[in-house]
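Colleague:
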Amino acid sequence: MTKAELVVKISEKANLTKANAERALNAFVGAVEDILVKEGKLTLTGFGTFQVEKRKARVGRNPRTGKEIKIPATQVVKFRPGKLLKDAVK
Numbered sequence: 001m002t003k004a005e006l007v008v009k010i011s012e013k014a015n016l017t018k019a020n021a022e023r024a025l026n027a028f029v030g031a032v033e034d035i036l037v038k039e040g041k042l043t044l045t046g047f048g049t050f051q052v053e054k055r056k057a058r059v060g061r062n063p064r065t066g067k068e069i070k071i072p073a074t075q076v077v078k079f080r081p082g083k084l085l086k087d088a089v090k
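Under the UniProt record's numbering, think of the first position of the sequence shown as 1, with each following residue one higher.
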C-alpha cells in the first residue's frame with residue numbers, strides 16, 4: 001500500500017476530504033518522529049510500540065568482492081505489535 005492509498009482509506013473511514021486526511025497522516029507521522037527523537041519510545045495501546053534501539057558496530061562482507069567492511073554503530077526504529085493488532089492479523 002502506498003501513502004496515497006492510505007490517505008484514501010483514512011478519508012473513507014474518518015469521513016474526511018483527501019486533503020484533510022493527508023494533513024492528519026502527515027501530522028501523525030511528524031508527531032511520531034518528534035516523540036522518537038526526544039523520548040525514544042512511543043506506545044499506542046492495542047496497536048504496538050515504536051522504540052529506538054542502538055545497533056552495535058559490526059564487520060560485514062561485501063557480497064560482490066567478499067572483502068570485509070566495517071559497519072558503524074547506528075540507531076534504528078523497531079516496532080513491536082500489540083495484542084489487538086496481532087489478533088487482527090491472525
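Just so it is clear, CB atoms sit at the ideal spot from N, CA and C, and this is done for glycine as well. The structure displayed is predicted, hence computed values, not measured ones.
Starting from residue 60, trace the beta strand (DSSP E) both ways and give me its first and last residue.
Modeller: For the purposes of this step, residue 60 is identified with residue 60 of the sequence shown, where counting begins at 1. Looking at the DSSP string, the run of the beta strand (DSSP E) that includes residue 60 is 58-61.
Colleague: If you compare alpha carbons, which of 50, 15, 57, 72 is closest to residue 78?
Modeller: For this step, residue 78 is matched to residue 78 along the sequence shown. Answer by Cα proximity: 50.
Colleague: Since residue 76 contacts residue 53 with CB under 8 Å, what's their CB separation in whole angstroms?
Modeller: Residue numbering aside, residue 76 sits at position 76 when the sequence shown is read from its first letter. Residue numbering aside, residue 53 sits at position 53 when the sequence shown is read from its first letter. Yes, they are in contact, since the Cβ atoms of residue 76 and residue 53 sit about 6 Å apart, within 8 Å.
Colleague: In terms of alpha-carbon separation, which member of 69, 46, 20, 57 lies closest to residue 83?
Modeller: By 1-based counting over the sequence shown, the position of residue 83 is 83. Taking only the C-alpha atoms, the option nearest residue 83 is 46.
Colleague: Spatial neighbours of residue 35 within its chain, please: C-beta separation below 7 Å, excluding the five flanking residues on both sides.
Modeller: Translated into the one-based positions of the sequence shown, residue 35 becomes position 35. Setting aside the 5 residues that flank it on each side, residue 35 is surrounded in the same chain by 42, each with a C-beta closer than 7 Å to its C-beta; the list follows chain order.
Colleague: If you follow the beta strand (DSSP E) that residue 53 is part of, which residue opens it and which one closes it?
Modeller: Your numbering for residue 53 matches position 53 in the sequence shown. 48-55 is the span of the beta strand (DSSP E), which, as asked, contains residue 53.
Colleague: Around the Cβ of residue 27, are there at least 16 other Cβ atoms within 10 angstroms (buried) or fewer (exposed)?
Modeller: Your numbering for residue 27 matches position 27 in the sequence shown. Per the 10 Å Cβ criterion, exposed.
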